[in-house]
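Numbering (the numbering used here), first residue to last: 17 to 594. Since the structure comes first, as structure tokens, the remarks are kept for the end.
Structural data, given as structure tokens:
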């Protein structure tokens with residue numbers, strides 16, 4: 017187990033610490049596992065030994081504090097609150113009942129626990145990028161960085177638990193969990209900006225941050241200037257934190273815009289060359305364009321080919337990494353790269369996760385409600401998922417907020433972090449809350465069609481604009497309107513060529529791009545055999561639920577490559593729980 021594991025009970029119960037040690041210590045190198053305990057709580061943390069001064073594990077007769085992660089603005093907060101370290105900062109705010117305010121001021125990726133008298137608080141960062149799970153059973157609150165660690169505790173304590181049909185259908189539809197669900201009914205995920213209070217064997221939910229949209233009036237040029245100021249500051253915070261600990265800076269690159277902008281902005285801040293890395297099918301845009309950009313930036317560049325889908329053979333290991341939260345292809349590709357790289361001196365990896373929908377938007381759709389299935393990878397089993405959800409659970413405050421909560425946070429962010437957390441920490445400057453909030457306040461007409469995104473890049477980083485965005489030219493000042501979408505005239509040729517490629521792919525049943533999974537399965541006989549064998553050997557894990565069993569089998573036998581991978585993930589993940 018990596019991260020935090022804790023059991024907090026009310027004052028009438030004692031904790032069987034020896035049983036907990038079977039999970040926390042026996043599965044780890046004991047020397048790297050740190051523990052604070054009393055009659056009513058046991059909190060253990062096992063980390064990779066990075067960013068030590070940003071961590072807290074403290075207890076006295078009045079309070080216990082556990083903080084895990086990275087606080088980018090720690091020095092600024094120390095100065096504001098006139099303290100010398102993170103422990104003093106939290107003690108000051110807890111003793112003055114200012115925990116909620118402090119959490120709203122923190123910038124970074126973090127989660128934590130505070131036990132103060134009869135009350136216990138658990139929290140994660142504004143976007144829950146530092147995953148945290150909890151279960152309320154047996155007059156105790158169990159908290160962990162991993163779902164399976166809580167399941168192990170259930171087994172040791174002989175607690176009853178049950179597989180969540182919502183979680184299974186989420187994995188078979190979205191390829192990730194829906195809302196706060198996991199594959200276990202008794203275990204929930206702490207959501208973005210959530211502050212959970214446990215007192216008197218009851219749980220109370222509160223929030224110190226919520227994703228919100230309130231458009232403001234602002235001139236385009238002023239908006240571009242503010243975007244550049246906030247994004248530069250977000251990147252600087254991350255690089256400065258690495259510099260504080262003398263860690264190396266690494267930034268992934270693709271043919272997209274988001275990592276590119278992280279790299280170009282970082283290049284003007286860092287005083288030494290940065291390591292860029294990429295992985296994709298050889299010869300595709302995600303192979304060629306990153307190499308050219310890294311050369312332009314004067315950076316180091318590592319590339320790993322995904323040819324033949326060999327990473328897809330690592331099924332069981334990838335399912336273990338995924339922890340039942342995402343389908344196995346996400347960790348399969350990233351882990352198959354990281355395992356070959358010396359990451360011992362990596363601190364924060366600066367990504368560009370969800371930048372296209374922070375500075376851009378979701379499918380150019382402004383208004384209207386979020387509907388169950390929006391953002392799902394496959395819609396075939398959405399009606400089955402709907403049968404298990406309440407009407408409230410099917411909705412979100414708006415379409416965009418629903419997409420951020422599910423597709424962005426539960427999908428894209430979790431898709432990276434479940435793997436990166438085994439090696440280092442990943443953070444996206446696009447998810448700096450100050451930058452994020454400002455972008456969502458921009459007039460929709462600016463965000464639509466990536467308009468302000470491209471204008472920012474062209475005005476402030478013209479070298480970055482010289483490289484196509486996934487094969488599409490972004491330079492050019494003249495636009496035309498096509499079916500309600502603003503299209504640059506200079507990009508029309510690229511768009512036509514892309515549509516021709518798509519037509520060829522559909523007619524000839526060939527696949528292109530960074531991850532042509534369909535082509536890999538069709539051409540790699542060993543991959544087909546391995547996937548078939550794993551599914552058939554593990555599908556019995558769903559036999560307790562005949563309808564779900566039939567749905568998973570049908571999806572695997574008749575679905576596309578991604579649907580097959582989702583079905584494999586479901587049977588493999590549930591198999592680990594029963």
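Using N, Cα and C, we set each Cβ at its ideal position, and we do this for glycine too.
Which residues in the same chain as residue 47 place their Cβ atom closer than 8 Å to its Cβ, once the five residues preceding and following it in sequence are excluded? Taking the first residue of the chain shown as 1, we reach residue 47 at position 31. Unreliable positioning characterises residue 47 in this predicted model, as indicated by a pLDDT of 46, which lies under 50. The coordinate reading is nonetheless provided below. Taking C-beta separations shorter than 8 Å and ignoring five residues to either side along the sequence, residue 47 has no partners in its chain.
Sheet register partners of residue 224 (DSSP bridge): The residue given as residue 224 occupies position 208 in the chain shown. For residue 224, which the question treats as bridged, DSSP gives no partner whatsoever.
How far does the alpha helix (DSSP H) with residue 6 in it extend, from its first residue to its last? With the chain running from 17 to 594 in the structure shown, residue 6 is simply not present.
Hey, residue 131 and residue 79 are a contact pair by Cβ (cut 8 Å); roughly how many whole angstroms apart? Position 115 of the chain shown holds residue 131. Position 63 of the chain shown holds residue 79. With a Cβ gap of about 7 Å, residue 131 and residue 79 count as contacting.
Hey, quick one: how far does the beta strand (DSSP E) through residue 268 stretch, first residue to last? Translated into positions along the chain shown, residue 268 becomes position 252. Secondary structure note for residue 268: its beta strand (DSSP E) is the uninterrupted segment 264-268.
Residue 31 in three-state terms, based on DSSP: As a working note, residue 31 is residue 15 in the chain shown. Here residue 31 sits in coil by DSSP.
Local conformation of residue 466 per DSSP, three classes: Mapped onto the chain shown, residue 466 falls at position 450. DSSP, reduced to helix, strand and coil, places residue 466 within a helical segment of the structure shown.
What are the uninterrupted segments assigned as beta strand (DSSP E) that are 3 or more residues long and contained completely in the stretch 312-349, given in chain order? Those beta strand (DSSP E) runs which fall completely within the stretch 312-349 and span 3+ residues are 316-321.
So is residue 356 buried or exposed if we call it buried at 16+ other beta carbons inside 10 Å? The count along the chain shown starts at 1 and reaches residue 356 at position 340. Exposure of residue 356 is indicated by the presence of fewer than 16 other C-beta atoms within 10 angstroms of its C-beta.
Using 8 Å as the cut-off, can you tell me whether the stretch 330-347 makes contact with the stretch 288-299, which would need three or more C-beta pairs spanning the two stretches below that distance? When Cβ pairs closer than 8 Å are counted between the two stretches, the stretch 330-347 is seen not to touch the stretch 288-299, the count staying below three.
Can you check whether the CB of residue 366 is closer than 7 Å to the CB of residue 267? Here the question's residue 267 lines up with position 251 in the chain shown. Here the question's residue 366 lines up with position 350 in the chain shown. Yes; because the gap between Cβ atoms is below 7 Å, this pair is in contact.
Taking a contact to mean a Cβ-Cβ separation below 7 Å, would you say residue 535 touches residue 393 in this structure? Working through the chain shown from its first residue, we reach residue 535 at position 519. Working through the chain shown from its first residue, we reach residue 393 at position 377. In this structure, residue 393 does not lie closer than 7 Å to residue 535 by Cβ.
Name, in chain order, the residues that DSSP records as bridge partners for residue 366. In the chain shown, the residue the question calls residue 366 occupies position 350. For residue 366, the beta-bridge partners assigned by DSSP are 443.
Residue 148 (DSSP reduced to helix, strand or coil): As a position in the chain shown, residue 148 is number 132, starting the count at 1. Coil, per DSSP.
Would residue 254 and residue 364 qualify as a contact pair, given that the criterion is a beta-carbon distance under 7 Å? As a position in the chain shown, residue 254 is number 238, starting the count at 1. As a position in the chain shown, residue 364 is number 348, starting the count at 1. Here residue 254 is near residue 364, since their CB atoms are less than 7 Å apart.
Need the endpoints of the alpha helix (DSSP H) that residue 570 sits in, please. For the purposes of this step, residue 570 is taken as residue 554 along the chain shown, with counting starting at 1. For residue 570, the enclosing alpha helix (DSSP H) starts and ends at 562-574.
Identify every residue that forms a DSSP beta bridge with residue 129. For the purposes of this step, residue 129 is identified with residue 113 of the chain shown, where counting begins at 1. DSSP output for residue 129 lists 82 and 138 as bridge partner(s).
If you check the beta carbons only, do residue 149 and residue 203 fall under 7 Å apart? Mapped onto the chain shown, residue 149 falls at position 133. Mapped onto the chain shown, residue 203 falls at position 187. The answer is yes: Cβ separation under 7 Å.
What are the boundary residues of the alpha helix (DSSP H) that includes residue 374? Here residue 374 refers to the residue found at position 358 of the chain shown. Its alpha helix (DSSP H) spans residues 371-374.
Buried or exposed by the 16-neighbour rule on C-beta atoms within 10 Å, applied to residue 541: Locating residue 541 in the chain shown gives position 525, counting from the first residue. With fewer than 16 other Cβ atoms within 10 Å, it is exposed.
State buried or exposed for residue 169, treating a residue as buried only when at least 16 other CB atoms are found within 10 Å of its CB. Working through the chain shown from its first residue, we reach residue 169 at position 153. Per the 10 Å Cβ criterion, buried.
Taking the alpha carbon of residue 451 as the point to measure from, which residue in 96, 143 and 85 has its own alpha carbon closest? Within the chain shown, the letter at position 435 stands for residue 451. Distances from the alpha-carbon of residue 451 to those of 96, 143 and 85 put 143 closest.
From 446, 531, 482 and 468, residue whose alpha carbon lies closest to that of residue 125: Along the chain shown, read from residue 1 onward, the residue named residue 125 stands at position 109. Among 446, 531, 482 and 468, the Cα nearest to that of residue 125 belongs to 446.
CA-CA distance, residue 368 and residue 113? Indexing the chain shown from 1 puts residue 368 at position 352. Indexing the chain shown from 1 puts residue 113 at position 97. Each residue's Cα considered, the two are about 36 Å apart.
Apart from the five residues on each side of it in sequence, which residues of its chain come closer than 7 Å, Cβ to Cβ, to residue 232? Residue mapping note: residue 232 aligns to position 216 of the chain shown, counting from 1. Around residue 232: 457.
How should residue 38 be labelled, buried or exposed, when 16 other C-beta atoms within 10 angstroms of its C-beta is the threshold for buried? Position 22 of the chain shown, counted from the first residue, corresponds to residue 38. Exposed, because fewer than 16 other Cβ atoms sit within 10 Å of the Cβ of residue 38.
Excluding the 5 residues flanking residue 45 on each side, which residues of the same chain have their C-beta closer than 7 Å to its C-beta? What you label residue 45 is simply residue 29 of the chain shown in a count that begins at 1. Annotation note: pLDDT 49 at residue 45 (below 50); position unreliable, no value reported.
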